[in-house]
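Protein chains in written order, with the working numbering: chain P, 2 to 215; chain R, 2 to 215.
Beta carbons: idealized from backbone N, C-alpha and C, even for Gly.
The model shown is predicted, which means the values in this text are computed figures rather than measured ones.
The structure appears below as structure tokens.
There are 2 protein chains.
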Amino acid sequence: MSASAAILDTPSETPSLRQQAVLDAVLSLIVEGGDPLTMDAVARRASCSKETLYKWFGDRDGLLTATVRWQASRVHTGRYEIDALDAATLKKNLQDFAESWLSVIASPTSVALNRIAVAHAGSHKSNLGAIVLANGRFAIGERVKPVLEAGRAAALLAFDDTEAAFRTFFGLVGRDIQIRLLLGDALSLDAADIGREAAHAVAQFLALYGRANP
Amino acid sequence: MSASAAILDTPSETPSLRQQAVLDAVLSLIVEGGDPLTMDAVARRASCSKETLYKWFGDRDGLLTATVRWQASRVHTGRYEIDALDAATLKKNLQDFAESWLSVIASPTSVALNRIAVAHAGSHKSNLGAIVLANGRFAIGERVKPVLEAGRAAALLAFDDTEAAFRTFFGLVGRDIQIRLLLGDALSLDAADIGREAAHAVAQFLALYGRANP
DNA sequence: GCCGTACCGTACCGTACAGTACGGCTCAGC
DNA sequence: GCTGAGCCGTACTGTACGGTACGGTACGGC
């Protein structure tokens, strides 16, 4: 895990535009689901030859890895305000995190990609699972934790273990949503639902960790 | 989903002892992972002929379905005390739930089976995902909710929406554990960890929903 | 105009695996 | 002891798919 961290953080190179088009074709096929993603199907969808596919990505696994990385590279959102944190800003930051996270895990792309990665994690060859984890769960953790610590520094939050506090936040936001979606439950979340769920989670988190103004 | 509920609740028939042995062989192969579970491997492991496999289970999907059901049939645990609930009993019940649920999702069998079901949910043909969901997330929900409602009846808990309260409990208990395990993170939970995590989750749940004694 | 490079399309190869067929063994019923 | 049912082991078939080879085309460099 730590050995592969260097690899995970090094997206080799950014793919060329044509390559990006190919990866988008892969994504569209994955999201459509149904048939089990053959190299032929990718070549057809992307209007390129299989030979090119193998030349660019090595093998099927390489193509999948590149696709996952490509998708991950578009997810990262902006940084957040940390200095001079007041209660309203903290709440808003948390709300934003919760909403964007819920939007991600509820998106068909994320669901499909996570399915692939989960399946892959069983037959361990490469580490799609690790990549997804690094760009999902752990990436958001690294972005939320500074906010939590800033909240603590501003005497708005109280906790000892930042990681534990984040995991509680993560649980309150995600609940059963991701596993249900991965398992094919027809759970639909529109923007309003996401807003409501996020607000609920943030309120609960603040109830647990918020410092009653001293 | 609702249409398939009847099917899901009807485990066809309980398999014969020999059939159970075959299903256990499938489970052992699934848990071992590595190679992608071929019918040949199952026949070899179970010391039976492929012909018998097909006669008994129809096809590969039928075998998988029977395996998932077979595993599910062993998970159901006992009922819980509901009448005359006091605070300590409520807490103990919740703690038990949390521990048993964490034990389940952290077990290699559950992880492997959920991986199969998740992969299956992508290429929709049968409904392994629905079966796993019905016997996992939803089954535990149906068992926890009466306890929560009994707690409310005993004026120990306060909430409007039982389902929402349960989902909070679910999130507090599970946090990021299941998705990390599914994605192959080397997260190990021993019994002590599980006890600690469960206690933590229960304390948080009671902090959110417990009724400050009136 | 000629060549090399990069690519498309398609044909091809090898293999792995789902599903079937069949001979042989065991054992219960008679 | 004979027969038939049930099952094991193995051999076989068909096919889907990963990976390779190759002819044909477009294009930039010279």
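Check: Interface residues of chain P facing R:H125 [CB-CB closer than 8 Å]; Outcome: G34, G35 and G185
Check: Member of P:F160, P:L183 and P:I195 whose CA lies at the smallest distance from the CA of P:L207; Outcome: P:F160
Check: Cβ-Cβ distance between R:T211 and R:L158 below 8 Å; Outcome: Here the sequence assigns Gly to residue 211 of chain R, which means Thr is not the residue at that position. Yes, the Cβ-Cβ distance between R:G211 and R:L158 is below 8 Å.
Check: Contacts of R:D177 in chain P (Cβ-Cβ under 8 Å); Outcome: R138, R168, F171, G172 and G175
Check: Min CB distance P:G130 to chain R below 8 Å; Outcome: yes
Check: Best match in R:S101, R:D194 and R:V119 for proximity to P:G185 [C-alpha to C-alpha]; Outcome: R:V119
Check: Three-way DSSP call (helix, strand, coil) for P:G211 in this model; Outcome: strand
Check: Straight-line Cα distance separating P:G137 from P:A166; Outcome: 17 Å
Check: Chain-order list of residues whose beta-carbon lies under 8 Å from that of P:T15 (same chain, five-residue window excluded); Outcome: S74
Check: contact_flag[the segment 85-105 of chain P, the segment 139-148 of chain P] where n(CB pairs < 8 Å) is 3 or more; Outcome: yes
Check: Nearest to P:A202 (by Cα), restricted to the options P:L188, P:T90, P:L95 and P:A47; Outcome: P:L95
Check: Proximal residues of chain P, C-beta to C-beta of R:V119 below 9 Å; Outcome: N115, R116, V119, A120, I180, L183, L184 and G185
Check: Buried versus exposed call for P:D177 [16 or more other C-beta atoms within 10 Å across all chains shown]; Outcome: buried
Check: Cβ neighbour criterion (16 or more within 10 Å) applied to R:H1; Outcome: In the structure displayed, chain R extends from 2 to 215; residue 1 of chain R sits before or after that span and is not available.
Check: Neighbouring residues, chain R, relative to P:L134 (Cβ below 7 Å); Outcome: R181, L184 and D186
Check: R:G137, enclosing alpha helix (DSSP H) - first and last residue; Outcome: Segment: none, R:G137 is in no alpha helix (DSSP H) and carries neither H nor E.
Check: Closer than 8 Å to chain P by CB, R:L209; Outcome: yes
Check: Cut-off 7 Å between Cβ atoms - residues of its own chain near R:A113, not counting five sequence neighbours on either side; Outcome: I31, V32 and G34
Check: Sheet register partners of R:L158 (DSSP bridge); Outcome: R:G211
Check: R:I106 (DSSP reduced to helix, strand or coil); Outcome: helix
Check: Same chain only: Cβ atoms within 6 Å of R:F170, ignoring 5 sequence neighbours per side; Outcome: F206
Check: Straight-line gap, R:D194 to R:A200 (C-alpha atoms, nearest Å); Outcome: 10 Å
Check: For R:D87, the nearest candidate out of R:T39, R:R197, R:A154 and R:D25 (CA to CA); Outcome: R:A154
Check: Residue environment, R:L54, which counts as buried when at least 16 other CB atoms sit within 10 Å; Outcome: buried
Check: Cβ-based burial, P:R197 [other Cβ within 10 Å; buried from 16]; Outcome: exposed
Check: Separation of R:F98 from R:K146, as counted between CA atoms; Outcome: 11 Å
Check: Under 8 Å by beta carbon: chain R residues contacting P:Q205; Outcome: T169 and L209
Check: Rounded C-alpha distance that separates P:S48 from R:S17; Outcome: 52 Å
Check: Best match in P:V76, P:L183, P:S50 and P:L129 for proximity to R:S124 [C-alpha to C-alpha]; Outcome: P:L183
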